[in-house]
Structure formats: C-alpha cells, structure tokens
Amino acid sequence: MKDGDGMEVVTDRAELTNAVGLHARPSVKLTRLAKSFACSVEISLSAEGPWVDAKSPVKVMRVRAPRGSVLHVRASGAGAIAAAEAVMALVRDGFGEHEGGDHG
Amino acid sequence: MAERRLFGRSAAPGLAQGIVAVLDAERAERRQAGAAEHEARALREAIAAAHAELEMQVDRLSGDAAEMLGFQVAMLSDDELARPAFDAIEAGASADAAWIEAMAAEIANYASAEDEYFAARAADLEDIRDRVLLNLSPGDGAVAIPEGAVVVAADLPLSRFLAIDWLRGGAIVLTDGSPSGHVAMLARARGVPMITGVGGAPAALAGAEVLVDAASGEVVLNPGDAARAAFAVKQSTEAASLAGQAEFRYRDACTADGTRIKVNLNISALSELDGLDPAISDGIGLVRTELLFHDATGLPDEETQFAAYRRIAVWAEGRPVTIRTLDAGGDKPIPGVTIDGESNPFLGLRGIRLSLRHPAMLRTQLRALARAAVVGDVRIMLPMVTIPGELEAVRAMLDAELESLRAEGVVVLRPALGIMIEVPAAAIAIDEFDADFFSIGSNDLTQYVTAAGRDMGAVAELADPLNTAVMRLIGAVARHGAGVGREVSLCGDAGADPTLVSALLQAGVRSLSVAPSAVERTKQAVAAADLRLA
Chain V
1 MKDGDGMEVV TDRAELTNAV GLHARPSVKL TRLAKSFACS VEISLSAEGP WVDAKSPVKV
61 MRVRAPRGSV LHVRASGAGA IAAAEAVMAL VRDGFGEHEG GDHG
Chain E
105 MAERRLFGRS AAPGLAQGIV AVLDAERAER RQAGAAEHEA RALREAIAAA HAELEMQVDR
165 LSGDAAEMLG FQVAMLSDDE LARPAFDAIE AGASADAAWI EAMAAEIANY ASAEDEYFAA
225 RAADLEDIRD RVLLNLSPGD GAVAIPEGAV VVAADLPLSR FLAIDWLRGG AIVLTDGSPS
285 GHVAMLARAR GVPMITGVGG APAALAGAEV LVDAASGEVV LNPGDAARAA FAVKQSTEAA
345 SLAGQAEFRY RDACTADGTR IKVNLNISAL SELDGLDPAI SDGIGLVRTE LLFHDATGLP
405 DEETQFAAYR RIAVWAEGRP VTIRTLDAGG DKPIPGVTID GESNPFLGLR GIRLSLRHPA
465 MLRTQLRALA RAAVVGDVRI MLPMVTIPGE LEAVRAMLDA ELESLRAEGV VVLRPALGIM
525 IEVPAAAIAI DEFDADFFSI GSNDLTQYVT AAGRDMGAVA ELADPLNTAV MRLIGAVARH
585 GAGVGREVSL CGDAGADPTL VSALLQAGVR SLSVAPSAVE RTKQAVAAAD LRLA
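Note that the protein sequences, when read in sequence, are chains V and E. Residues 1 to 104 (our numbering) make up the first sequence, in order. Residues 105 to 638 (our numbering) make up the second sequence, in order.
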C-alpha cells in the first residue's frame with residue numbers, strides 16, 4: 001500500500017457504521033482531523049474515485065455517503081500513513097457516535 | 105371560527121396552548137449589481153460577518169447546540185461554499201443574486217437526498233444562506249416572537265430557534281420540516297414541543313389559538329369546549345408526572361425506610377456544568393477525561409488539564425469530584441494511542457492498561473490531578489484495573505509526581521486513589537485491592553460476566569445487570585467496602601435505570617452516579633425502594 005520511499009501514497013477503506021452516515025457532525029470531525037495533517041487526504045465511495053478533498057466540509061457533504069457504504073481514503077505526501085490510519089480509526093469508531101451513553 | 109385539526113409527525117413531545125406567531129422566511133431586497141470587485145467585497149464581508157456572529161453564538165452555547173452550529177461554522181469557513189458565487193459575480197451578477205443562486209444549487213443537492221438525515225441538513229444550508237443575506241442588506245430586524253407563542257413556519261432555521269426564549273413556554277409547528285433536523289434534536293433536549301409536516305401554508309394559521317399535543321402530532325385550531333376540556337386533562341396528567349419527579353431535584357436521596365443514598369453526577373464535558381446547580385447532587389462520581397478534551401491525539405498538556413479539573417472542583421463547591429484517568433481503547437479508540445485492529449478490543453489494551461503503556465501521558469494527568477486536589481475534594485479513579493499490581497504501579501507514579509511537584513515548589517495534595525470494578529477478576533478478588541474507594545462500572549462488569557458484548561444487539565438480552573452472577577458480584581463488592589470502610593459507588597447505566605435501582609440498593613450499593621438529566625428520576629426511584637423488604 002506504500003509505494004517505496006519518496007512519495008508516500010496510502011489507500012484504505014472502511015464501512016460507515018455510525019447511525020446516519022457521513023452527515024453533518026461526522027463530516028466536521030473528518031475534515032477537522034484531515035486538516036491536522038499536512039499531506040493531502042481524499043475520500044471516495046469507490047476505489048476508482050472520484051476523489052474528494054477530505055479537508056473541505058462542503059465537498060465531503062456533497063458525497064452524501066450513507067450508513068453502510070464503504071468509505072475509501074487516499075492520503076499522499078509526508079505523514080500519509082498516519083493520516084490514513086487516523087481517518088480510518090475515526091470511521092471505524094463510528095465518529096464517536098456509538099449509542100449507549102455510559103461507559104462506566 | 106370553526107374548530108379544525110391538523111396532524112403531523114411528532115418531533116419533540118409535550119403540550120402547549122397559545123396563539124400562532126408565523127415566521128416568514130426573510131428575504132433580503134435585491135441589490136443592484138455594482139462593479140464585480142465591489143460585489144465580491146460585499147459578499148466576502150457578509151460571509152465574514154455571518155461567520156463572526158456564528159462563532160459568537162457557538163461560544164455562548166454548549167453541547168449539541170454548539171456542535172450543530174459548529175457544522176454551519178465549518179461550512180461557512182470553507183471557501184468551496186462561496187466559490188460558485190464568486191464565479192458568478194465575476195460574470196456580472198450582484199452579490200446577493202450570486203449567493204442565492206449558489207446556495208440554491210447546494211441546497212437542492214441536499215434536499216434531493218433520499219437519506220432523511222442529509223435532506224434535513226438543507227435547513228442548515230438555508231440558515232447559512234439567510235445569515236449571509238441579512239449581512240448583505242443590514243437593517244432587516246428579526247420578527248419578535250411573543251412569550252409562549254406557538255411558532256408556525258414552513259421550516260425553522262437553527263439561528264431563529266436559538267434566538268427564541270423557550271423558557272417562557274411555546275411550541276413549534278412546521279408545515280414542512282423534519283423530525284431528524286437539528287432543531288428537532290434541540291427541541292427534544294430543551295423540552296420544546298414540536299410537530300413537523302402538518303402541511304398547508306403557515307400564513308393561513310396566523311393569529312389562531314391552537315392546542316398542541318406534540319406527542320401525538322395533533323394540532324387543534326380554534327378549539328371548542330370539548331377539545332379544551334380534553335386538553336386540560338392531558339395537561340394535568342403531564343404536570344403531575346413532571347412535578348412528581350421535580351420535587352426530588354433538591355432533596356437528599358433517601359429510601360422509604362430512611363436510608364440515605366448518595367446520588368452523584370457523571371460528567372463528560374465541561375459545558376454540562378453550565379447552568380447546572382451542584383446542590384442537586386452529592387458530588388461528581390465520574391468525570392470521563394477521554395471525552396472531556398475532544399482531542400484526537402490523546403490528552404492535552406498539564407496546564408490545560410489542570411484548568412479543566414480546577415474548574416470542575418470549583419463548581420462542585422467542596423463536594424467530592426471523582427476524576428477517571430484516560431479510559432481509551434475498547435469502543436473509544438484514540439488515534440496514535442490505542443492500538444488499531446485488535447481482534448477483540450474490549451479484551452485488549454484499554455483503560456489503565458493503556459495508560460501504563462504511556463507513562464508520560466499518565467504522569468501528566470496525575471500531576472494535573474494532584475494540583476487540582478488543592479482546590480477541592482478531587483479523587484482519582486483508575487478504569488479497567490485487573491490486578492493489584494496496576495493500582496500499586498499508579499500509586500508509585502503518583503508518589504513520585506507528588507514529590508517532584510513539591511520539589512518544584514508547586515502546591516499539591518494527595519488525592520484519594522480508587523479503582524473501578526468492571527473486570528470480574530477485580531470484583532472476585534476485591535479483598536486484594538488496597539484502594540481508597542471502589543466504583544462499579546456496571547456496563548462493563550455486566551458484559552464481562554455474561555460474556556455478552558454491549559455493542560452487539562443479538563446478545564443484548566444476555567447482557568442483563570440483573571443476572572444473578574452480576575448481582576452477586578455487586579453484592580460482594582458492596583459488603584467488602586462496608587466491611588473495610590471504603591466507599592462503594594456505582595457509575596454505570598444501571599444506576600440511572602429506575603427499574604434496577606431497588607435491586608442495586610438491596611445488593612448493598614449506597615451511592616449511585618448518573619447523568620445530570622437522570623438525577624430526579626433516580627432520586628424518585630430511590631425513594632420508592634424499601635430496604636426493610638430485603
């Protein structure tokens with residue numbers, strides 16, 4: 001998944017399991033996380049693209065990714081591995097929106 | 105005028121009676137197009153002003169409301185949103201026409217979504233559109249809403265909802281709108297009755313007297329005597345039920361036989377303390393530090409943590425404040441800290457196991473907590489403790505940090521050091537743990553004892569806190585605590601479930617920690633329990 005030294009390009013994918021898909025709050029969380037990385041971070045509903053800038057909430061919302069769809073992520077540049085991992089962790093975590101209140 | 109009934113979808117339950125105030129969607133006057141440069145500047149300034157207004161509103165708000173407006177802030181901060189408008193201005197359009205057209209395209213994209221959640225976001229975009237439009241042509245004042253009015257509109261923008269003082273009663277009836285919209289979520293949180301989708305034109309209802317039963321989605325226009333009488337019955341039933349709970353708010357929780365039970369609060373965000381009176385509780389039984397800071401990369405630095413802990417301790421006015429060290433892992437991963445791809449994260453590196461693997465992070469947290477202990481009765485609670493060695497390892501780190509802080513001349517106090525009881529190994533061998541207090545995490549204890557994952561609906565019935573084995577363990581922990589004089593509390597969902605409270609108290613639990621919104625019903629359930637019947 002990593003193309004040698006030089007330019008890192010990482011792709012990965014995960015299913016959207018949170019209650020309502022990539023809607024308002026998840027989009028804000030995703031873009032905020034993506035912006036914390038210097039490398040480019042893009043998302044898509046298909047491995048073939050079209051790829052959308054994960055740092056733009058407007059563009060991410062236009063994807064309208066529903067629950068159950070598979071979100072692909074592509075990061076390239078310095079720190080791409082960490083960026084892709086962080087984005088996937090957020091998606092797999094259901095954007096921190098799990099039901100069930102207390103974790104006591 | 106004849107009585108008429110309208111039916112819609114319940115978005116937030118509740119009853120209201122009042123006069124209809126119709127909110128018209130505001131439309132700014134069309135401006136004359138000036139030079140492209142002038143129009144672009146006007147739009148840029150209007151967007152910046154709308155952005156500043158929004159951020160000010162977000163600062164004043166907390167929780168869901170702040171997060172929902174946060175979406176608008178994020179959208180408005182994104183140059184992509186206005187890009188088509190600036191392109192149109194370049195081609196000769198006026199600022200407002202260009203903005204309206206660009207937003208119309210964006211809104212249409214949302215409104216056409218089959219997914220109801222996305223479609224509902226169209227209302228947020230309309231709100232963004234109108235905020236910017238108002239700033240393009242200042243002077244259009246907002247329509248004043250009389251006290252207790254029933255607000256009728258096609259749809260209600262979030263900004264307008266937030267501008268209305270709902271403490272004075274009132275309700276929302278939308279001819280359009282959606283129960284999954286942001287406004288509906290906030291209406292539920294704030295107890296504002298709300299019905300969506302009654303159809304028709306809002307203007308047709310202007311000035312009418314209405315009875316709103318938002319639980320059933322029914323609106324009665326110009327009610328006759330029979331409808332009024334029926335409504336009055338509903339009102340008195342609802343009032344009796346709420347008053348029954350409200351009277352417990354400031355009362356110390358006591359069982360029917362007079363046993364005093366402590367009711368503490370679970371806190372996940374500092375904003376939860378806004379407007380919350382510490383006197384409704386005996387203290388804070390659980391602060392979830394992993395949720396407190398909303399940080400994707402672990403915990404913030406010592407000063408930031410200290411400021412947060414101090415704020416909570418000051419708020420508590422001397423009441424005990426139990427702060428749990430980072431409880432990440434399991435269903436709460438933190439990028440860069442927790443391990444990805446564990447085949448069974450609930451049995452993996454989580455809670456204190458994880459903190460002990462990141463000693464620098466844990467030490468920082470212990471230092472901030474030791475400093476905050478000077479301000480109030482701050483106690484440290486360790487999650488997911490399995491063996492006594494973990495408790496002792498943290499105690500040694502705490503000792504070292506206390507010494508090092510004192511050497512630096514920093515004022516510190518040793519906080520009490522307790523553990524959560526959620527791993528069966530700790531519950532069974534409770535006598536081996538020399539902790540200052542114990543707090544039962546009923547959610548995890550139940551899932552570990554019954555081997556039924558709490559995130560799996562298919563086995564949800566097995567994950568029952570009333571399971572004999574779970575209740576025996578809770579009883580054994582409570583007896584041990586009473587025997588050695590160490591407090592035993594319970595901070596899981598079970599404590600806030602009125603159907604479980606009596607059983608927990610019978611098992612020997614004398615302290616419960618629940619969400620702030622569950623205090624009244626928990627105290628009511630305690631009052632109904634009678635320990636003489638054991």
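For glycine and all other residues, C-beta sits at the position ideal for the given N, C-alpha and C. Computed from a predicted structure; not experimentally measured.
Here DSSP, grouped into helix, strand and coil, assigns V441 (chain E) to coil. Look at A34 (chain V) here: in three-state DSSP terms it is helix. Counting only runs of 4 or more residues that sit fully inside the segment 67-92 of chain V, the alpha helix (DSSP H) segments are 80-92, in chain order.
DSSP places L119 (chain E) within a strand segment (E or B) once states are collapsed to three.
Excluding five sequence positions before and after F37 (chain V), the CB atoms of its chain that fall closer than 6 Å to its own CB belong to G79 and A83, given in chain order. Under the 8 Å criterion on CB atoms, E184 (chain E) is classed as interfacial with respect to chain V. The three-state reading of DSSP puts N370 (chain E) in strand, counting E and B together. Around the C-beta of A212 (chain E), fewer than 16 other C-beta atoms lie within 10 Å, and the residue is accordingly described as exposed. Within the same chain, I211, Y214 and A215 come within 7 Å of A226 (chain E) by CB-CB distance, once the 5 residues on both sides are set aside.
Residue state for L390 (chain E) is assigned as strand, using DSSP reduced to three classes.
A567 (chain E) places its beta carbon 8 Å or farther from that of A580 (chain E). In the three-state reduction of the DSSP assignment, G452 (chain E) falls in the coil class.
Any Cβ of chain V closer than 8 Å to the Cβ of E171 (chain E) would place that residue at the interface, and such an atom is present.
Proximity of S56 (chain V) to chain E, defined by a Cβ-Cβ separation below 8 Å, is satisfied. Counting along the chain, no alpha helix (DSSP H) covers G281 (chain E), and no H or E run does either. For the 8 Å CB-CB criterion, P602 (chain E) and R636 (chain E) do not form a contact.
By the neighbour-count criterion, in which a residue is buried when 16 or more other Cβ atoms sit within 10 angstroms of its Cβ, H23 (chain V) is buried. If the five residues before and after A65 (chain V) are omitted, its C-beta is found closer than 7 Å to the C-beta atoms of L16, G21, L22, L45 and L71, all from its own chain and listed in chain order. At the C-beta level, A598 (chain E) and L604 (chain E) come within 8 Å of one another. When only Cα atoms are considered, G112 (chain E) and Q339 (chain E) end up about 20 Å apart.
Along the segment 521-562 of chain E, the alpha helix (DSSP H) occurs as fully enclosed runs of 4 or more residues at 528-532 and 546-554, listed in sequence order.
At least 8 Å separates the CB of H72 (chain V) from every CB of chain E. A Cβ of chain V is located within less than 8 Å of the beta carbon of N213 (chain E). Within chain V, the C-beta atoms nearer than 7 Å to that of G174 (chain E) come from V28, in chain order. The distance from the Cβ of E230 (chain E) to that of P188 (chain E) is about 17 Å, inconsistent with a contact at the 8 Å cut-off. Excluding five sequence positions before and after G295 (chain E), the CB atoms of its chain that fall closer than 7 Å to its own CB belong to G118, given in chain order. Using beta-carbon distances, A529 (chain E) does not count as an interface residue toward chain V, since no partner is under 8 Å.
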